[in-house]
Every structure is written in C-alpha cells, then in structure tokens.
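Going down the list, the protein sequences come from chains D and S.
If you count the first sequence from 1, you need to add 270 to reach the numbering used here.
If you count the second sequence from 1, you need to add 270 to reach the numbering used here.
Glycine is no exception: its CB is placed at the ideal position from the N, C-alpha and C atoms.
Since the structure is predicted, the reported quantities are computational estimates derived from the model, not experimental observations.
Have a look at the structure below, then the notes.
Protein chains: 2
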Amino acid sequence: MNTEKELLDYIRNGGERFLPHVSIDCAVFGFHDNELKILLLKSKFLEDWALPGGHILRSEPLDVAAQRILNERTGLNDIFLKQFQSFGDPNRVSADNMNYLKEVLKVPLATDHWLLDRTISIGYYALVEFSRVNPILDYFTARYQWWDVHDLPSLVFDHALMVEKALQTVRLQLNYQPVGYNLLPEKFTMPELQKLYETMLEKPLDRRNFQKRMLGLGILERLEERKKVGPHKSPYYYRFNRKKYQEALSAGLSFGF
Amino acid sequence: MNTEKELLDYIRNGGERFLPHVSIDCAVFGFHDNELKILLLKSKFLEDWALPGGHILRSEPLDVAAQRILNERTGLNDIFLKQFQSFGDPNRVSADNMNYLKEVLKVPLATDHWLLDRTISIGYYALVEFSRVNPILDYFTARYQWWDVHDLPSLVFDHALMVEKALQTVRLQLNYQPVGYNLLPEKFTMPELQKLYETMLEKPLDRRNFQKRMLGLGILERLEERKKVGPHKSPYYYRFNRKKYQEALSAGLSFGF
DNA sequence: GCAAAAGTGTTACGCTTACACCCATGG
DNA sequence: CCATGGGTGTAAGCGTAACACTTTTGC
Numbered sequence: 271m272n273t274e275k276e277l278l279d280y281i282r283n284g285g286e287r288f289l290p291h292v293s294i295d296c297a298v299f300g301f302h303d304n305e306l307k308i309l310l311l312k313s314k315f316l317e318d319w320a321l322p323g324g325h326i327l328r329s330e331p332l333d334v335a336a337q338r339i340l341n342e343r344t345g346l347n348d349i350f351l352k353q354f355q356s357f358g359d360p361n362r363v364s365a366d367n368m369n370y371l372k373e374v375l376k377v378p379l380a381t382d383h384w385l386l387d388r389t390i391s392i393g394y395y396a397l398v399e400f401s402r403v404n405p406i407l408d409y410f411t412a413r414y415q416w417w418d419v420h421d422l423p424s425l426v427f428d429h430a431l432m433v434e435k436a437l438q439t440v441r442l443q444l445n446y447q448p449v450g451y452n453l454l455p456e457k458f459t460m461p462e463l464q465k466l467y468e469t470m471l472e473k474p475l476d477r478r479n480f481q482k483r484m485l486g487l488g489i490l491e492r493l494e495e496r497k498k499v500g501p502h503k504s505p506y507y508y509r510f511n512r513k514k515y516q517e518a519l520s521a522g523l524s525f526g527f
Numbered sequence: 271m272n273t274e275k276e277l278l279d280y281i282r283n284g285g286e287r288f289l290p291h292v293s294i295d296c297a298v299f300g301f302h303d304n305e306l307k308i309l310l311l312k313s314k315f316l317e318d319w320a321l322p323g324g325h326i327l328r329s330e331p332l333d334v335a336a337q338r339i340l341n342e343r344t345g346l347n348d349i350f351l352k353q354f355q356s357f358g359d360p361n362r363v364s365a366d367n368m369n370y371l372k373e374v375l376k377v378p379l380a381t382d383h384w385l386l387d388r389t390i391s392i393g394y395y396a397l398v399e400f401s402r403v404n405p406i407l408d409y410f411t412a413r414y415q416w417w418d419v420h421d422l423p424s425l426v427f428d429h430a431l432m433v434e435k436a437l438q439t440v441r442l443q444l445n446y447q448p449v450g451y452n453l454l455p456e457k458f459t460m461p462e463l464q465k466l467y468e469t470m471l472e473k474p475l476d477r478r479n480f481q482k483r484m485l486g487l488g489i490l491e492r493l494e495e496r497k498k499v500g501p502h503k504s505p506y507y508y509r510f511n512r513k514k515y516q517e518a519l520s521a522g523l524s525f526g527f
C-alpha cells in the first residue's frame, strides 16, 4: 500500500482478498541500550501509536500471515514469532476509532463495511535483532519508533492490553524459549546476555552464578575475540551453538530463572 | 437448537446474530477413575467426534461466549475456562467436511454462505468436576461421552490438534493453575489428589514427599471424615481452603513440579 | 491372619546462593 | 595511577528426593 490508489483499493475491495472479522497484530521486541524495546508505528491518520498488524489472506495460514505482515514492514525473514492470545472485546475498536477512514480518506463506507465490522485480533509476539530491523513506510504509516516497554506512548484501540499480555507471555516463557538467541546479535558478551536477562526478569543477577549457569547449559561458545568497550578489562565475545541449542530446547532446556 | 426449525433458522440467518469467520471450541477436561478425560460429542450428521463449540454473538466478549456455549451444553456455570490458542489453517475445515450441511439437511447453500466460508477457531480449555456435568442434547447432537485423553476416537476437522495443544497447555500450567481445585470434587483424599498429579505429569510421585509438599502450601484443610474404600486403612478427606488458595495464587504459588 | 493401601519423619545429596580478589584498559 | 568493569572458585544453606515401618480394614 504505497500509493493512495492502492490504499483506496484495499479499503474498497480488501474484503475479497482478505478474511473479514479477523486481523493479526504483532508485538515486536528488540533489545538495545540495556532496555527491552517494542516497535510501534504512527499512522498518518491516528493520534496514537499502534502495533504493526494486518489482515489474513483468504487462503493463508495464520503463522504465514504474521510472517508476511512483519516482512512487509521490517524486511526481516524467518522471524521468531509466537501466537500468544486472541483479543475479541466487542468494543476493542470502537466505531469512533474507525472514523478516520471516512473523514480523512473521504471515502463513503457502509456500516457493514468489512473494515468497520467487529474484528477479532490474533496477537503474535516477535523477538528480533534490534539492529537488523529497517522499517519500511507505506502510505498508511508516518513513521516507526522503538519504545522502551517501561515508557510507552498512548496506544490505539486495545493495543496497550496486547503489549501487556505479550510481555507477560515472553517473561513466562523466558526459561523455555530462545530469548537470548533471537534478541541478541550473532556475537555478544556475557555482560550483555546478563543485562538482557536482568531486564526481562526485572531483577539483578549475580555475575558469577549467571556465567556458571549459562556456560553449564553447554549452548555457548567463547570466541577468541574480545569486545573493546572502555577503560577496563575487555569481555569475551560468545555465540550460541545453534545445534546444541536446538538439542537442548528439544530436550526440555530450562534456564532455571 | 432443539428443533429442526431452530436449526434451519440458525443455518439460514445465524450470520446476522453471530460473527462469521470465527468460532470457539472447548476442550473440557474432567478427572475420573484415575484418568484424565475429555468431553466429546457425536453429531447426528458426522462420523467423527467433536469438541463442543459454537459461534460468538455479534456483541459478545470471547470469554462470555465460551462460558455461554459450555453452559448451554453442560448446565454448568462459572466454569474455569482459559483461552489457549487460535486455529486458522485455511484447510482446517474442508469444504467436504461441511457437505453434510447440504446433503443431510437438504438446504441449498451458497458458496459464500456464512457457515461454509473459512473460519478461525479460538480454542479454550475448561477444567470441570466430572460428576457435575450433565450434558444437554440438542437437535445437532446425538450424544456426549467422556474419553480418556490417551485413547481418543477419530475427531472432526482439526480437533485432534486442538486436544493436543490443550493438553500441552494444561500440563505447562499445572504449577500455576488451580488444577486440583477445579477437577476434583469438594471433598477428596490425598491419594486421589496425588493420582491427579501423577496422571497430569505422567510419572509416579513419592507419597510422603507429595503430602508434605501439598500440606506445606497451606491451602488444604483436613476433615475429620475418612473415606471408606476397601480392605485397608481409610484415607482422610481434604478440601481446599478457597481463601488461602486464592491468596497463594495471587502471590505466585508454584506447586514445584 | 493376611493382603492391600494409608499415615508418618529423617537423612543425604545436589543445586542455588552468597561472597572477594585480581586483572585489563583508557584516560 | 586510578577508576571502572570483567574474569574466576569455594563454602554454606536450603530445598528436594530418597527411603521403611506401622496402622487400619475387609475378607
């Protein structure tokens, strides 16, 4: 949807290509500056910020739709994505909230229009490597911005609830999901990994015990290279051993937090 | 839907009262004879067994819809119900699977009929007290039956997948959800409670450690009464102290399994 | 009296936590 | 040389798991 023409076609005829009454919204998490961040977009037509989302093609599986929607917006492929909950409050998107469709776009819309009828949204969360995301603007979107999850702007519809539930889910699954693997770059230091877990768990961890535990899982490889980052000893780089990580996850790995 | 007339009206005009493209299916778990059971129904019009399910009223919240659907089928109120996943494979209900609507009911249906179009189903699981369930038949349903989760019949659509995911979810949440509270009757013995956990965890537990752990949680009350069940010592009855159970859950209770 | 199941307490082990000193680097 | 942060091992304590004998009951 890069032109007004495409947008109008989407509004008028999207109901033929997409499944009405259902949508997908994605809480995209990244990690940067020792903060857990979430990617939000600002529509040209709404005051508040929103999760990236979209509709499901008529014959498209849900997981594929979520991947496609994020790929169109971030350029990323093979994103770590998990469905976490569906949101269906009948007033989650009020008629008022959709008024921009009529007013801003000057398009006459029937009350049973596919975009105005009640819509259930399926919530996905994504874990991505912060630096690899290059948001792609479309005709709908004014800009993208990463937000610290502790300091969010006002969100449209029920998206604040979605973020809250996505966060809860990620935190609960921290012990069993490859959170570090997906949120950190290829190479990272032990203090960086620890900061990630401290941020997720919202509590400080003991450096020595943390390192013992992580190395004890047998899924990390220490590199020769050290990161040079200031007036002190340089930390080693580590990377995940993909194969061993996969094996450990299959075998019921728990990080023990 | 107790008469053919009501059923026909539902098929013809249900799309006005219910939200199309979305449905709810419920995996109802009970515990009996030391087995975890699931409640399935046999439609008059299908070969295979099915989870109880239904559609969402146009302005009804999801959780309310799930409660209503189960209440209509089991007579139970205030059921412990949790949404666990939405299922949206485009072929989860094939056109062939819906042929019964045309053939058996002899109703001419357009291809864009609200019941034939692709439908996303929101999966809920319920934990109920086995003995309190009195299934209510309607015009659609031939009968209900409890099935051991290890020995299920052939299921319609993608309902086998739903049962599998529901089971996974229940097992994962065993430590944080009041599983015993909802699956057992008011009064129960310690061996019964232990059997429930052994069934859920699929492994034997030590009697003494189990009892210590459960009593240590401070949510059980021992009654004077003992259950008389055979040529051996009679076990005490216990019941949950609701108030303390709620407090413990809020405080982040974990059973430790 | 015997078979079957329930009531009960103690010990050992392992895992988790707490904790401190030395080293490298940049300014 | 000093401030900052990273690398590393050990000891104590707590929680979990292992384990056996006695009691009750029905036949």
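Contact with chain D by Arg441/S, beta-carbon distance below 8 Å = no
Which ranges would you report for the beta strand (DSSP E) in the region 346-418 of chain D if only whole runs of at least 3 residues count?
-> 350-357, 390-397, 411-418
Just the chain D side, please: which residues come within less than 9 Å of Asp359/S by C-beta, in chain order?
-> Pro331, Leu332
Give the range of the beta strand (DSSP E) segment to which Asp295/D is assigned.
-> In this chain, the beta strand (DSSP E) harbouring Asp295/D covers 288-302.
Span of the beta strand (DSSP E), counted from its first residue to its last, around Glu494/D | 490-496
By Cβ distance, which residues of its chain are closer than 6 Å to Tyr506/D, with the 5 residues on each side in sequence left out?
-> Arg492, Arg496
Using three-state DSSP, classify Arg328/S as helix, strand or coil.
-> coil
Which chain D residues are close to Pro290/S, counting only those with a beta carbon under 7 Å from its beta carbon?
-> His291
Own chain, CB closer than 7 Å to Pro360/D, minus 5 neighbours either side, in chain order = Arg388
6 Å Cβ shell around Pro461/S - same chain, five flanking residues per side excluded | Closer than 6 Å at Cβ, skipping near neighbours: Pro505.
Neighbour flag for Leu478/S against chain D, beta carbons, 8 Å | The sequence given here has Arg at residue 478/S, not Leu. Taking Cβ atoms only, chain D never reaches closer than 8 Å to Arg478/S, which makes this a no.
Residues near Lys498/D by beta carbon distance below 8 Å, same chain, minus five either side | Ser504
Residue-level contact to chain S via CB, Ser356/D, 8 Å cutoff = yes
State the beta-bridge partners of Lys307/S as determined by DSSP.
-> Gly300/S, Asp418/S
Which residues, in order along the region 387-398 of chain S, keep a beta-carbon less than 7 Å from a beta-carbon of chain D?
-> Arg388, Ile390, Ile392
Can you name the residues of chain S whose CB is closer than 8 Å to the CB of Gln353/D?
-> Those within 8 Å of Gln353/D in chain S are Gln355, Ser356.
How long is the line joining the alpha carbons of Val440/S and Ala320/S, rounded to whole angstroms?
-> 19 Å
Segment contact, 8 Å Cβ cut-off, at least three pairs: the region 376-383 of chain D with the region 412-420 of chain D | In this structure the region 376-383 of chain D does not lie against the region 412-420 of chain D, because fewer than three pairs of beta carbons, one per stretch, are closer than 8 Å.
Name the chain D residues that come within less than 8 Å of Arg328/S, Cβ to Cβ?
-> Result: Pro360, Arg388.
Cα-Cα separation between Ser520/S and Arg477/D, rounded to whole angstroms = Their Cα atoms are separated by approximately 30 Å.
Got a sec? Which residues, its chain only, sit under 8 Å from Asn272/S by beta carbon, not counting five neighbours each side?
-> Asp408, Tyr409
Residue ranges of each alpha helix (DSSP H) within the region 441-523 of chain S, 4 or longer | 449-453, 460-471, 477-486, 512-520
Run the CB neighbour count on Arg343/D, radius 10 Å, all protein chains shown included, and call it buried at 16 or more, exposed below.
-> buried
Using DSSP bridges, identify the partner residues of Leu425/S.
-> Trp319/S
Of the residues Leu332/D, Phe357/D, Asn341/D, Arg362/D, the one placed nearest Val426/D, counting alpha carbons only | The shortest CA-to-CA distance from Val426/D to any of Leu332/D, Phe357/D, Asn341/D, Arg362/D is the one to Arg362/D.
Hey, Leu340/S and Ala396/S: beta-carbon distance below 8 Å or not?
-> Yes; because the gap between Cβ atoms is below 8 Å, this pair is in contact.
Below 6 Å CB to CB, which residues in the same chain sit around His325/S once its five sequence neighbours on both sides are set aside?
-> Around His325/S, the same chain offers Phe288, Ser293 as residues with beta carbons nearer than 6 Å, after the five sequence neighbours per side are excluded.
Roughly how many angstroms lie between the CA atoms of Phe357/S and Glu494/S, to the nearest whole one?
-> 48 Å
Looking only at C-alpha atoms, which of Gly450/S, Tyr394/S, Pro448/S, Asp428/S sits nearest to Ser364/S?
-> Asp428/S
Cβ neighbour criterion (16 or more within 10 Å) applied to Gln438/S | exposed
In whole angstroms, what separates the C-alpha of Ile406/D from that of Lys465/D?
-> Their Cα atoms are separated by approximately 29 Å.
Top-ranked residue by Cα proximity to Asp303/D, from Asp279/D, Lys435/D, Thr469/D, Gln337/D | Closest by alpha carbon: Thr469/D.
CB of Glu399/S within 8 Å of CB of Leu454/S, strictly | Leu454/S sits close to Glu399/S, with the two beta carbons spaced by under 8 Å.
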